[in-house]
Amino acid sequence: MFVRVFLNGESQELPAPATIQTAVEHLGLSDRHLVAELNLEIFPRDAWGKKNLSDGDHLEFIGFVGGGTS
Numbered sequence: 002m003f004v005r006v007f008l009n010g011e012s013q014e015l016p017a018p019a020t021i022q023t024a025v026e027h028l029g030l031s032d033r034h035l036v037a038e039l040n041l042e043i044f045p046r047d048a049w050g051k052k053n054l055s056d057g058d059h060l061e062f063i064g065f066v067g068g069g070t071s
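One gets my numbering by counting positions in the sequence shown from 1 and adding 1 to each.
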C-alpha cells in the first residue's frame, strides 16, 4: 500500500503509513537545516515522525544556507 503525495511539487509514492520524517528519509535529505510545510502549514521538527501523510497532500521542504559577506 502506498500514499501518493506531492513532494516539492513532484508526485511521489511513499510506502504507507508515511510521515513527514519518512519523506525526508525517502528524499535522502539531511533534516538539520530544513523546514517542512504540509498543505501550507509549517510543522515543527518534533512533529515530523507523528504527522501521517494522506493521498494528495502537498509537502514542501525549504532548506536554509548560511552565508554573508566578509
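Glycine included, each C-beta is placed from N, C-alpha and C at the ideal position. Since the structure is predicted, the reported quantities are computational estimates derived from the model, not experimental observations.
Asked	Found
With DSSP as the reference, label V25 as helix, strand or coil.	helix
Thinking just about the alpha-carbon of each residue, which of R33, E11, M2 is nearest to the one in L60?	E11
Looking only at its chain, what residues have a beta carbon closer than 8 Å to the beta carbon of N53, apart from the 5 residues adjacent to it on each side?	P18, A19, T20
CA-CA distance, E14 and D47?	23 Å
Based on the DSSP secondary-structure assignment, which residues constitute the bridge partners of F44?	A37
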